[in-house]
Each structure stands twice: as C-alpha cells, then as structure tokens.
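Going by this note's numbering, the sequence shown opens with residue -17, and the numbers climb by one from there.
Beta carbons are placed, not taken as given, at the ideal position from N, Cα and C, and that holds for glycine.
One structure below.
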Amino acid sequence: MVHVATDLPVFRSVDGHHRPVPFILTRDMFGGIPVELGGAEISDLVDKPVAEPHVHDVPEIYLLFAPTPGDAVITVEVDGDSYELSAPGALYVPAGHRHRFVTRKAVPGSFCFGLFLHGATTAVPQPREGGTQ
Ligand code: ZN
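Have a look at this one:
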C-alpha cells in the first residue's frame, strides 16, 4: 500500500549535535522501516561544524548532494582520520566509530544527509540468507 508522509521534517536530537536535526525518514514511518534519514541544506555551514564528534550504535552513511558535481565538499572525521567527500558522494561510518563532518564548500542547494541503518546488526553489512542486499 502506498503511504504519503506529511508534516516533514521531524526534528530529532542526535548525539553530539548542537541542534535538533531535521529528519525526512524516521523508523516509525510507513508502519516501521529499518532506516532513518536526517540532514539539511548546508550552504550556510561552511567551516561551521553542526556536531561534536560522536558515536552511534548503528552504521551511518553520509550522503552529499549538490546541484553540480563538485559544488559541495565535506571533510568527514572518523576516529581522528579525515576523509574528503565531494558531491555526489557517500561515506560509510561503521557503528561505534567516532565521527562528524565539516562543510568545506557548498553552493546553495547542497545537502548533506545521514542515513542511519537500524537494520544492520554488524559494523559491516553481511549478505543475508535468502535475501538480496
Ligand atoms: Zn552521526
């Protein structure tokens, strides 16, 4: 059955974050889903971290979008190492690893989202019997 979600985003506090994060997917939507997606437009956040380094008990995938490839760049810090991510890009942070991102470049219309994988039971996704990835 098709469900249309309204009244979005839902603001949630997230560990380490300075302000509540707007979520466009939460676990309780559509009768229960194994992912959450939170994030926002980042063009006014250049060199302004939105969070202190923090950990989650589930994996998080950062998703970076910009109107044109390369028009948004973030630095993702994971356990003290820095990784540059350029739009369009995705970076996987395993569960339990301390992380945050800092926007380095972002034209208007650039978005960074965190996709939380609540269905993952290990730090790295494993093939599941009888299912597809
Ligand atoms: Zn996080």
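Residues near residue i in its chain [Cβ-Cβ closer than 8 Å; skip 5 each side]
i   : result
H81 : P35, H36, V37, E42, V58, E59, V60, D61, V75
S68 : L46, P51, G52, A54, V55
D39 : A77, G78
V17 : L7, R9, L97, F98, L99, H100, G101
Pair within 8 Å by beta-carbon distance, residue i and residue j
i    : j   : result
V55  : E66 : yes
V126 : F12 : No answer is possible for residue 126: it lies beyond the span of the chain, which begins at -17 and ends at 115.
H100 : R1  : no
A33  : A88 : no
A72  : Y44 : yes
Distance, residue j Cα to residue i Cα
i      : j      : result
P31    : F5     : 18 Å
P70    : F98    : 18 Å
L(-10) : G21    : 12 Å
S64    : M(-17) : 43 Å
G(-2)  : L46    : 20 Å
D29    : P90    : 15 Å
H(-15) : I15    : 12 Å
R86    : V(-4)  : 22 Å
Residues near residue i by beta carbon distance below 6 Å, same chain, minus five either side
i      : result
L19    : I6, L7, F95, L97
S92    : I24, S25, A48, A54
H(-13) : The sequence given here has Ala at residue -13, not His. Closer than 6 Å at the Cβ level, and outside the excluded window around A(-13), lie M11.
L27    : T85
**Request:** Give me every residue whose Cβ sits closer than 6 Å to any heavy atom of the ligand GDP, in chain order.
**Result:** You won't find the ligand GDP in this model; what it holds is the ligand ZN.
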